[in-house]
Amino acid sequence: MGRQKYSTELSYSNGILTARLSGIFNEISAERYRKDLFSAVEELEGAPFALLADISGVEGATPEAFDMVKYIVNQLPSMGLSHKAYVYKGAVIKGIMFQRIPELKELEYLFFENFEEAYAFLLSKTSS
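Here is the structure:
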């Protein structure tokens, strides 16, 4: 059995759903992430939430994984998403994301290089 090449961790606090992703994502791992994320959102029973996606540990993704992220990005607004932010490491990943998922600009996703800054920003939005 091969070793797991990715990991995801979801947590919820103060109106912020945090997703920490690391490793290399393909279609199968991206689909598992989608299922886990959507299940967590469903548990909120329609309450508005902010999403903090920490992708600073992501080392790479296949085109199919980016397609799944695009699907997720387009679905979340109808599920109660009020504010959103990504934490990334390096301009290359950010550039690839904007190239593969142009909706990120339209949906006003914010990008941060520091987790604490991103969390504080979202906390200020959810508590106002």
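Each residue of the sequence shown is one higher than the last, beginning at 1324 in my numbering. Ideal Cβ placement from N, Cα and C applies to all residues, glycine included.
Starting from Gly1418, trace the alpha helix (DSSP H) in both directions and tell me its first and last residue.
Ala1414 to Arg1423
Answer yes or no: does any C-beta atom of chain B fall closer than 8 Å to that of Lys1448?
No chain B appears in this structure, which consists of one protein chain only.
Report the three-state DSSP secondary structure of Gly1325 (helix, strand or coil).
Residue confidence is low: Gly1325 scores 47 on pLDDT, short of 50, so the model does not pin down where it sits. Its coordinate-derived value is still stated next. Of the three classes helix, strand and coil, the one that applies to Gly1325 here is coil, per DSSP.
Through-space distance from Lys1328 to Gly1403, alpha-carbon basis:
31 Å
Just to confirm before moving on: does the CB-CB distance between Ala1353 and Met1391 stay below 8 Å?
yes
Counting only runs that start and end within the region 1326 to 1372, where is the beta strand (DSSP E) found for 3 or more residues in a row?
1329 to 1336 and 1339 to 1348
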